[in-house]
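Here numbering that gives the first Met the number 0 is used: the first residue of the sequence shown is 0, the next is one more, and so on. Virtual Cβ for every residue (Gly too), placed ideally from N, Cα, C. Data block below; observations after.
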Amino acid sequence: MNLLPKLRKREEASSALENPLPSSRLRARLFLILLILMLAGVLSWPPLPLRAQDGIDAPAAPASPGWLEPKGLNIVDMVGLAPEDHLRDAIVVFSGEGLVQYVSGSRQGSQVTIDARIYAKPLGNDTYFNCLGQWAYRDQWPSVTPASTMRVYENGTEITSQVRFVQYYPAGQRQPENGASTSRYNRTPVEPVTFTGDGALDLAPNMGCVLAIQGSHPELTATFVIPNAPASVRMVSLGQESFQFHSYIGPGDAGRVNALRGQMSSRYGDRHDKFTINPPADADYMLVTFPPTPVSPYPTGPVTGPSSGTYRLAQGTNILSVDHVNSMGMPIRGQWRDADQSGGASYLPQIESVDTIASPEYFVPTGVAYDPCMSDGGCPDSLLDRIYNSEMTLTVRYYQVERIADGLDRVPLRQVGASWSNLAREVLARLMEPPWTTADHRSFIPLIANGSEGGGTIPPEDTEGCPCGWFDANGAMLDFTPGS
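Written as structure tokens, this is what we have:
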């Protein structure tokens, strides 16, 4: 995981052809495009066009991808809709730049206000930290947050004006740029921050952002105001289950506490707590909450910084979902298999059902402070025993989620694996240069259901061509439709 900001080079578009191609070459080019799309899985055969009446075609739907990756409900989507005690202390963002933990929030009309704790990563001469969007590292799910303002505080003193730059994982109905062996969506280049007239940071919609402030500022607080976040879903709480879990002992990269991992494995053998979950019959979404671990084993920043770890949903004990590292609303019947278990597939297979949760892979439990012996070796048996016996609480809450916003796009879902490539999409972009983009060009998009602006009828559930997500213009997935 590279924590330093990177500037991306952008290729310039090649010049458009000045003259149209002869018809035979047009036909050959069209055939090549269709073949590439079919082989790459980018093209899905669309349903019949919108119904024509009296021989006149209905207007074409606005352009939208043929598929998108699944996303979780962001904390902004849940504030004021889920009970406040369900959200309190949830880890809403975790990345190489630190951790964001929910403190409190409120919803007044279309405006949402959130107070959060921010555990940042001092690195070199700067400190890096995140906003409220979760980015998609390897096979982890992202979540999208709308445009917001942000004020940053240290020990109660506002330091917003000291923020130097921002990078975004841009929001939108976007397919990934990369496979699941790295970050699936690219960051923007470093940008100077902009401020509102009263001095707050002005943040664009995003699937995660990285901000920087000069000096060392490991613990901050922030207030986010999201001015345009009308309730898009209705959430009905249907119960919860809590489990006591222990530290993880077993294979895997333990980073800077690998010496501790070796000692624990030698003394106790492997351990990874898994629990059977029992969602109510009407539940279709879940929220998993758990405390941070007090030790950050990853290779940069202070080792004493609070951190999160990987948890998974599972079918049985062996069929594991992709990595989840934060708390967000997730569809119970919409989980995809871990990339490491998918044999290098371009697209991850969907898990038929989940009945198990694998606890976060924490090497050090809550309540146990970092000791240098965890990195250097030679931890005393008393410390090892304390780590082994300490318990933490994992809570799974269940909801029935119903979309109430109209104007959402229903789009088929796929999640890419490590070997997926967007090469075909890049080739398509070049092949679709003029003369293809003509004024009378129309495209029919698979499985789009648009409501009218300002309060239309919510489209009925339809499982054809699904699993599907219901997406807004920012690319936030606000509801899920399983396949038939």
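Beta-carbon gap between residue i and residue j smaller than 9 Å
i	j	result
residue 151	residue 220	yes
residue 345	residue 241	no
residue 101	residue 122	no
residue 461	residue 468	no
residue 140	residue 182	no
residue 366	residue 76	no
residue 319	residue 332	no
residue 503	residue 179	The requested residue 503 does not occur in the structure, where the chain is confined to residues 0 to 483.
residue 131	residue 165	no
residue 291	residue 118	yes
residue 244	residue 383	no
residue 476	residue 120	no
residue 352	residue 209	no
residue 112	residue 222	yes
residue 396	residue 236	yes
residue 508	residue 272	Residue 508 lies beyond the stretch modelled for the chain, which goes from 0 to 483, so this question has no answer here.
Residue nearest to residue i in terms of C-alpha spacing, selected from the options
i	options	result
residue 92	73, 108, 384 and 192	73
residue 406	165, 231 and 197	231
residue 323	270, 286, 401 and 156	286
residue 374	136, 82 and 297	297
residue 108	209, 136, 203 and 224	224
residue 234	475, 471, 401 and 408	401
residue 66	172, 396 and 249	172
residue 251	237, 238 and 270	270
residue 417	351, 284, 343 and 309	343
residue 249	255, 259 and 243	259
residue 185	175, 192, 194 and 193	175
residue 464	413, 457, 471 and 470	413
residue 264	280, 247 and 273	247
residue 369	408, 255, 350 and 357	255
residue 149	226, 378, 357 and 316	226
residue 90	276, 116, 80 and 315	116
residue 238	281, 155, 348 and 206	281
residue 415	88, 155, 154 and 177	177
residue 187	160, 399, 378 and 170	170
residue 153	189, 80 and 218	218
residue 196	207, 68 and 160	160
Environment of residue i [buried if 16+ CB atoms lie within 10 Å]
i	result
residue 325	buried
residue 64	buried
residue 403	exposed
residue 129	buried
residue 341	buried
residue 110	exposed
residue 309	buried
residue 295	buried
residue 451	The predicted position of residue 451 is uncertain, since its pLDDT is 34 and thus under 50; a value taken from the coordinates is nonetheless stated next. So residue 451 counts as exposed.
residue 261	exposed
residue 380	exposed
residue 471	buried
Residue i versus residue j - alpha carbon distance
i	j	result
residue 473	residue 359	30 Å
residue 114	residue 158	15 Å
residue 199	residue 229	21 Å
residue 278	residue 387	30 Å
residue 299	residue 411	38 Å
residue 45	residue 482	At residue 45 the pLDDT is 34, less than 50, meaning the model places this residue with poor confidence and gives no usable figure here.
residue 480	residue 138	21 Å
residue 307	residue 288	11 Å
residue 201	residue 211	14 Å
residue 391	residue 363	11 Å
residue 302	residue 466	41 Å
residue 144	residue 385	39 Å
residue 214	residue 266	41 Å
residue 371	residue 304	14 Å
residue 355	residue 283	15 Å
residue 96	residue 105	26 Å
residue 376	residue 293	18 Å
residue 204	residue 216	25 Å
residue 83	residue 103	7 Å
residue 127	residue 136	17 Å
residue 389	residue 459	48 Å
residue 335	residue 268	29 Å
residue 378	residue 361	17 Å
CB contact check: residue i to chain D, cutoff 9 Å
i	result
residue 350	You won't find chain D in this structure, because it holds only one protein chain.
4 or more residues per run - each alpha helix (DSSP H) lying fully within the stretch 348–396: 372–375 and 380–388
At 3 residues or longer, and completely inside the stretch 94–153: list those beta strand (DSSP E) runs for me, N to C. You should have 97–107, 110–122, 125–129 and 147–153.
Output the residue ranges of the beta strand (DSSP E) runs that lie fully inside the stretch 302–355 and measure 3 residues or longer, sorted by chain position. Within the stretch 302–355, the complete beta strand (DSSP E) runs of at least 3 residues are 311–314.
Could you name each continuous beta strand (DSSP E) segment of 3 residues or more that falls completely within the stretch 147–213, going from the start of the chain to the end? Counting whole runs of 3 or more residues, the stretch 147–213 contains the beta strand (DSSP E) stretches 147–153, 162–169, 200–202 and 205–213.
Starting from the N-terminal side, write out each stretch of the beta strand (DSSP E) that is 3 residues or longer and does not extend beyond the stretch 247–299. 273–275 and 284–288
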